[in-house]
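For the numbering used here, add 674 to where a residue sits in the sequence shown, where the first one is 1.
All C-beta atoms in this analysis are idealised placements derived from N, C-alpha and C, irrespective of residue type, glycine included.
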Amino acid sequence: MFVLLLILIVVLFGLGFLNPLWWVAAAVLVFGATRYGRDRGGGWGRGDGSDLGEYRDYENRRDRQDRWDRRYSRQYRARWRREDRRDHERRG
675 MFVLLLILIV VLFGLGFLNP LWWVAAAVLV FGATRYGRDR GGGWGRGDGS
725 DLGEYRDYEN RRDRQDRWDR RYSRQYRARW RREDRRDHER RG
């Protein structure tokens, strides 16, 4: 997909020497392709070291840590101990 779009842009740029309207069409394609790539979280200029990917990883870790903290916080541990004690008393 990327290669076909690149070839189309080069062809339109080459036709721009015949009629400047083709340069405008090539510029619109370049602009649209770069905007579309950024909206999807990437783009042609982004490599593996993109800040957006690192931030998403950070968000995922933070959300997992928040869920862990909520699940295993001190108040919940106390409630579970009470429930375990009740279960143990019922069995024994």
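Could you please give the first and the last residue of the uninterrupted alpha helix (DSSP H) stretch that includes residue i?
i, result
"Asn693", "Taken as a continuous stretch (DSSP letters only), Asn693 belongs to no alpha helix (DSSP H), as it is neither H nor E."
"Tyr616", "Past the edges of the chain, shown from 675 to 766, lies residue 616, and the structure says nothing about it."
Measuring only the C-alpha atoms, how far is residue i from residue j?
i, j, result
"Arg759", "Glu728", "44 Å"
"Arg756", "Arg744", "18 Å"
Are residue i and residue j closer than 8 Å when you measure CB to CB?
i, j, result
"Val704", "Ile681", "no"
"Leu686", "Ala707", "no"
Counting only C-beta atoms, is residue i closer than 8 Å to chain C at any point?
i, result
"Arg760", "Although the question refers to chain C, the structure presented lacks it and comprises just one protein chain."
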